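Asker:
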Amino acid sequence: MQSNHTEKMSSLGLSAWYGEKQALVNVSISMKANSVTAIIGPSGCGKSTYIRCLNRMHELVPKATVTGQVLLDKEDIYGPGVDPVMIRRRVGMVFQKPNPFPTMSIYDNVAAGLKLTGMRRGKSLDDIVKSSLEQAGLWDEVKYDLKKPGTSVSGGQQQRLCIARAIALQPEVILMDEPCSALDPVATAKIEGLMASLKEKYTVVVVTHNMQQASRVADFTAFLYLGKLIEYDETTKIFENPKEDLTERYITGKFG
Amino acid sequence: MANFSHGDQTFKILAGILAGSALAILFVAGYTLLTGALPVLQTFGTYFFIGTNWNPVVGREIFGALPYLLGTLVTSAIALIIGVPISLGIAIFLSEMSPRRVSVPISYLVELLAAVPSVVYGLWGVFVFRFYVIDYIEKPLSDYLGWIPTFSGTPFGLDVLSAGIILSIMIIPTVSSISREIITAVPNSIREGAYSIGATRWEVIRNWVITYGRSGIFGAVILGLGRAVGETMAVTMVIGNTVGPAAVPTSLLKGGQTMASLIANGFIEASPGTLEISAYIGIGLLLMIVALIINIAAQVLVTRVLKVKGGAVE
Chain A
0 MQSNHTEKMS SLGLSAWYGE KQALVNVSIS MKANSVTAII GPSGCGKSTY IRCLNRMHEL
60 VPKATVTGQV LLDKEDIYGP GVDPVMIRRR VGMVFQKPNP FPTMSIYDNV AAGLKLTGMR
120 RGKSLDDIVK SSLEQAGLWD EVKYDLKKPG TSVSGGQQQR LCIARAIALQ PEVILMDEPC
180 SALDPVATAK IEGLMASLKE KYTVVVVTHN MQQASRVADF TAFLYLGKLI EYDETTKIFE
240 NPKEDLTERY ITGKFG
Chain B
0 MANFSHGDQT FKILAGILAG SALAILFVAG YTLLTGALPV LQTFGTYFFI GTNWNPVVGR
60 EIFGALPYLL GTLVTSAIAL IIGVPISLGI AIFLSEMSPR RVSVPISYLV ELLAAVPSVV
120 YGLWGVFVFR FYVIDYIEKP LSDYLGWIPT FSGTPFGLDV LSAGIILSIM IIPTVSSISR
180 EIITAVPNSI REGAYSIGAT RWEVIRNWVI TYGRSGIFGA VILGLGRAVG ETMAVTMVIG
240 NTVGPAAVPT SLLKGGQTMA SLIANGFIEA SPGTLEISAY IGIGLLLMIV ALIINIAAQV
300 LVTRVLKVKG GAVE
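If you're matching them up, the sequences are chains A and B in order. Going letter by letter, the first sequence gives residues 0 to 255 in numbering that gives the first Met the number 0. Going letter by letter, the second sequence gives residues 0 to 313 in numbering that gives the first Met the number 0.
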């Protein structure tokens, strides 16, 4: 059913290191436009490292290196002369722990990225802030509190604020690094619901250690183990009929 | 068991007494200064705070502390104006930019600046640094900006500006090492969030790291100010030590006097029981009040930031 999707982003032979320690080995995954791709695997399998390579956040860690290619619309984001700042505007990110900026208001949290691009306060900025909060399903809850600090709302709301912050830049891809691991089940359900609506406009890549979550939200699922891609396919196939023995054992809870 | 708890009790009392003694010393010092200063305060009243004359000759005594209060404030201000940007640059470089193998030795070296005795800074100031200040700072200032009263006077190297510059070097270790701690305590999640929305390294430092740590950094600056205000020996050696109305710091290129240097210069010659002694004690009281206020403010600001570490979920 997803066969009509075109490729938005892909990694080709992607390897990543922290100093001498190799965290990813030759990982190639193709992420389709307007779909949710889940990256699953046990702790330490390299899944967080993987999505951090997709917006060039990995290289911010001292001594971290990358080889291979990551194509965004067929262009290598690690190519010569590519500015990581521009990549991060096109590929937004949501983190494991909600990290709204504590020194900024809810409004400014959402507007921060646009202000960096030189956008001034005004009607059009107000409009983008509003629509971003709406897309993140947060507008109705905070519309009277836009001037309160970003950290004044609940954990689940903070995470949706972070999603709004990423959306405000009108990115093409949204990366989510275990976005629900610090949240309660109700807040988790809201974020999962959001992923389904976000994929209509964006390409979503989500890292999760929660296999039920992957099966609920993802169109495609990649299983990483010890830095290697073990299997990548449509989610239904991964969960119902995995080709690899290792995948089968992981999703049935025999290890991990 | 009984024995153990008995020992604990003794230890608790002993530790309590020792801890209390610090407080007691503060109160005794404050009380002594207050009673010692009473004669001069009773004799001259507000003139002691706003007057500029200073004459210890018995029978013609007059004591006004204003020039020295101003001298302290002006030299400290110069120290901050020069020292704070340098300290912040050091702190940002060490915490945000340099790899560990560079930052560790450099932080040690910077902190070693604090271990150099004040009198050594003074000696260096008088015999070496002074001439650089004359040639490279004061002569150009005097030549081009001499028409501004602030820079009038003959470059001599033993003046308010030299004292301020020496002080700026002396506050760098304090301000830079505390700012570095504050910056290091800024949670990484904030930096990552900022990078993820397309901030450059400079924007992350300026708009997020510094903003998050601003009250702590302000505290670090205030602690530096505390050091500059109380610093005595090096200042005494380079400030020129003028007394009376001439000590009002109207120009940076003229000799001056701070509260601390005035006491250091004068206390030996004052005879016990005179008003002069009381005047020095009064200056000491004033200095202590200024220093206490500054230090309390700094401590409040710094600890407040260092306590609020950790993740963004609150």
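Just so it is clear, CB atoms sit at the ideal spot from N, CA and C, and this is done for glycine as well. All values derive from a computational prediction rather than experimental measurement.
Since A/Met56 contacts A/Val172 with CB under 8 Å, what's their CB separation in whole angstroms?
Answerer: As a first step, residue 56 of chain A is located in the first sequence; it is residue number 57 there, counting from the start. As a first step, residue 172 of chain A is located in the first sequence; it is residue number 173 there, counting from the start. At roughly 13 Å, the Cβ-Cβ gap does not stay under 8 Å, so A/Met56 and A/Val172 are not in contact.
Asker: In the DSSP assignment, the beta strand (DSSP E) including A/Thr66 goes from what residue to what residue?
Answerer: Translated into the one-based positions of the first sequence, residue 66 of chain A becomes position 67. Element bounds for A/Thr66: 63 to 71.
Asker: With DSSP collapsed to three states, give me the class of A/Tyr77.
Answerer: Walking along the first sequence from the start, residue 77 of chain A turns up at place 78. It is coil, neither helix nor strand.
Asker: Identify, in the order they occur along the chain, each residue of the same chain with its Cβ nearer than 8 Å to the Cβ of A/Ser2, setting aside the five sequence neighbours on each side.
Answerer: Translated into the one-based positions of the first sequence, residue 2 of chain A becomes position 3. With a pLDDT of 48 at A/Ser2, under the threshold of 50, the predicted position of this residue should be treated as unreliable, and no value is reported.
Asker: Can you tell me whether DSSP reads A/Met92 as helix, strand or coil?
Answerer: By 1-based counting over the first sequence, the position of residue 92 of chain A is 93. Of the three classes helix, strand and coil, the one that applies to A/Met92 here is strand, per DSSP.
Asker: Only counting the same chain, and skipping five residues up and downstream in sequence, which positions put a Cβ closer than 7 Å to that of A/Leu124?
Answerer: Here the question's residue 124 of chain A lines up with position 125 in the first sequence. For A/Leu124, where only same-chain residues beyond five positions count, the Cβ hits under 7 Å are Ala110, Leu113, Met118.
Asker: To the nearest angstrom, how far is it from the Cα of B/Glu268 to the Cα of B/Tyr135?
Answerer: Numbered from 1 along the second sequence, position 269 holds the residue referred to as residue 268 of chain B. Numbered from 1 along the second sequence, position 136 holds the residue referred to as residue 135 of chain B. About 37 Å.
Asker: Could you give the first and the last residue of the continuous alpha helix (DSSP H) run that contains A/Asp125?
Answerer: By 1-based counting over the first sequence, the position of residue 125 of chain A is 126. Note, A/Asp125: alpha helix (DSSP H), 122 to 134.
Asker: Keeping to the same chain, check which residues put their C-beta closer than 8 Å to that of B/Val185; ignore five residues upstream and five downstream.
Answerer: In the second sequence, residue 185 of chain B corresponds to position 186, counting from 1. So the list reads Trp207, Val208, Tyr211, Gly212, once near-sequence residues are dropped.
Asker: Contact defined as beta carbons within less than 8 Å: I believe B/Leu251 pairs with B/Thr149. What is the distance between those atoms, to the nearest angstrom?
Answerer: What you label residue 251 of chain B is simply residue 252 of the second sequence in a count that begins at 1. What you label residue 149 of chain B is simply residue 150 of the second sequence in a count that begins at 1. With a Cβ gap of about 6 Å, B/Leu251 and B/Thr149 count as contacting.
Asker: Enumerate in chain order the residues of its own chain whose CB-to-CB distance from B/Met0 is below 8 Å, with the five nearest sequence positions on each side excluded.
Answerer: Position 1 of the second sequence, counted from the first residue, corresponds to residue 0 of chain B. Interpretation of B/Met0 is limited by its pLDDT of 49, a score under 50 that renders its predicted location unreliable; no figure is taken from the coordinates.
Asker: Can you find the residues in the same chain that come closer than 6 Å, C-beta to C-beta, to B/Arg226, ignoring five residues on each side of it along the sequence?
Answerer: Looking up residue 226 of chain B in the second sequence gives position 227. Closer than 6 Å at the Cβ level, and outside the excluded window around B/Arg226, lie Ile170, Thr173.
Asker: What separation, rounded to the nearest whole angstrom, lies between the Cα atoms of B/Ala290 and B/Trp146?
Answerer: Counting from 1 along the second sequence, the entry for residue 290 of chain B is found at position 291. Counting from 1 along the second sequence, the entry for residue 146 of chain B is found at position 147. Cα-Cα distance, rounded: 35 Å.
Asker: Mind pulling the beta strand (DSSP E) runs of 3 or more residues that sit fully within the stretch 191 to 278 of chain B?
Answerer: Runs of the beta strand (DSSP E) inside the stretch 191 to 278 of chain B: none found.
Asker: Within 10 angstroms of its Cβ, does B/Val203 collect 16 or more other Cβ (buried), or is it exposed?
Answerer: As a first step, residue 203 of chain B is located in the second sequence; it is residue number 204 there, counting from the start. It is buried - the Cβ of B/Val203 has at least 16 other Cβ atoms within 10 Å.
Asker: Cβ closer than 9 Å: which chain A residues qualify as neighbours of B/Ile177?
Answerer: Residue numbering aside, residue 177 of chain B sits at position 178 when the second sequence is read from its first letter. Residues of chain A passing the Cβ test: none, with the nearest at roughly 20 Å.
Asker: Using a C-beta cutoff of 9 Å, does B/Thr210 count as contacting chain A?
Answerer: For the purposes of this step, residue 210 of chain B is taken as residue 211 along the second sequence, with counting starting at 1. Closer than 9 Å: yes.
Asker: Does DSSP classify A/Gln169 as helix, strand or coil?
Answerer: Sequence index remark: in the first sequence, residue 169 of chain A carries index 170 (1-based). It is coil, neither helix nor strand.
Asker: Within 9 Å (strictly less), CB to CB, does A/Thr64 reach chain B?
Answerer: As a first step, residue 64 of chain A is located in the first sequence; it is residue number 65 there, counting from the start. Chain B, which has no Cβ nearer than 9 Å to the Cβ of A/Thr64, makes this no.
Asker: So the candidates are A/Lys62, A/Gln95, A/Asn108, A/Glu58; which of them puts its Cα closest to the Cα of A/Val84?
Answerer: Here residue 84 of chain A corresponds to residue number 85 of the first sequence, with the count starting at 1. Among A/Lys62, A/Gln95, A/Asn108, A/Glu58, the Cα nearest to that of A/Val84 is on A/Glu58.
Asker: Helix or strand or just coil, what does DSSP make of A/Tyr49?
Answerer: Position 50 of the first sequence holds residue 49 of chain A. The answer is helix: DSSP assigns A/Tyr49 an H, G or I state.
Asker: Could you check if B/Arg59 is buried or exposed, using at least 16 other CB atoms within 10 Å of its CB as the buried criterion?
Answerer: The sequence position of residue 59 of chain B within the second sequence is 60, counting from 1. Exposed, since its Cβ has fewer than 16 Cβ neighbours within 10 Å.
Asker: Are the C-beta atoms of B/Gly310 and some chain A residue less than 9 Å apart?
Answerer: Locating residue 310 of chain B in the second sequence gives position 311, counting from the first residue. Here B/Gly310 scores only 36 on pLDDT, less than 50, and its place in the model is too uncertain to base an answer on.
Asker: Can a CB atom of chain B be found closer than 9 Å to the CB of A/Asn54?
Answerer: For the purposes of this step, residue 54 of chain A is identified with residue 55 of the first sequence, where counting begins at 1. Interface residue, yes.
Asker: Please determine if the stretch 282 to 289 of chain B and the stretch 30 to 43 of chain B are in contact, where contact requires at least 3 C-beta pairs separated by less than 8 Å.
Answerer: A contact exists between the stretch 282 to 289 of chain B and the stretch 30 to 43 of chain B.
Asker: What three-state label does DSSP hand A/Lys198 in the structure shown?
Answerer: Along the first sequence, read from residue 1 onward, the residue named residue 198 of chain A stands at position 199. The answer is coil: DSSP assigns A/Lys198 none of H, G, I, E or B.
Asker: Per DSSP, what kind of secondary structure is A/Asp144 in: helix, strand or coil?
Answerer: Taking the first sequence and counting its residues from 1, one reaches residue 144 of chain A at position 145. Note: A/Asp144 maps to coil in three-state DSSP.
Asker: Let's test the definition: count the other Cβ atoms within 10 Å of the Cβ of B/Met236 and tell me whether it reaches 16, buried, or not, exposed.
Answerer: Taking the second sequence and counting its residues from 1, one reaches residue 236 of chain B at position 237. So B/Met236 counts as buried.
Asker: Grouping DSSP H, G and I as helix and E and B as strand, with all else coil, what is B/Trp53?
Answerer: For the purposes of this step, residue 53 of chain B is identified with residue 54 of the second sequence, where counting begins at 1. Strand, per DSSP.
Asker: Can you grab the Cα-Cα spacing for the pair B/Ile177 / B/Ser20, in whole Å?
Answerer: Counted from its first residue, the second sequence places residue 177 of chain B at position 178. Counted from its first residue, the second sequence places residue 20 of chain B at position 21. Rounded to the nearest angstrom, the two C-alpha atoms are 28 Å apart.
Asker: Let me confirm a value: A/Asn240 is counted as buried when at least 16 other C-beta atoms fall within 10 Å, else exposed. Which label applies?
Answerer: Translated into the one-based positions of the first sequence, residue 240 of chain A becomes position 241. Exposed: under 16 other Cβ atoms inside 10 Å.
Asker: Under the rule that 16 or more other beta-carbon atoms within 10 Å means buried, what is A/Ala163, buried or exposed?
Answerer: Taking the first residue of the first sequence as position 1, residue 163 of chain A is located at position 164. Looking at its Cβ environment, which holds 16 or more other Cβ atoms inside 10 Å, A/Ala163 is buried.
Asker: From A/Leu13 to B/Gly223, what distance separates their C-alpha atoms?
Answerer: For the purposes of this step, residue 13 of chain A is identified with residue 14 of the first sequence, where counting begins at 1. For the purposes of this step, residue 223 of chain B is identified with residue 224 of the second sequence, where counting begins at 1. If you take the alpha carbons of A/Leu13 and B/Gly223, they lie about 49 Å apart.
Asker: Check distances from the C-beta atoms of the stretch 186 to 217 of chain A to those of chain B and list, in chain order, the residues that come in under 7 Å.
Answerer: Per Cβ criterion, the list is empty.
Asker: In chain order, what residues of the same chain lie with their CB nearer than 6 Å to the CB of B/Gly121, ignoring the 5 residues before and after it?
Answerer: Residue mapping note: residue 121 of chain B aligns to position 122 of the second sequence, counting from 1. Answer for B/Gly121: Met232, Ala233, Met236, listed in chain order.
Asker: Could you list the residues in the stretch 99 to 111 of chain A with a C-beta less than 7 Å from some C-beta on chain B, going in chain order?
Answerer: If the cut-off is 7 Å between Cβ atoms, the stretch 99 to 111 of chain A has Pro99, Phe100, Pro101, Thr102, Ala111 near chain B.
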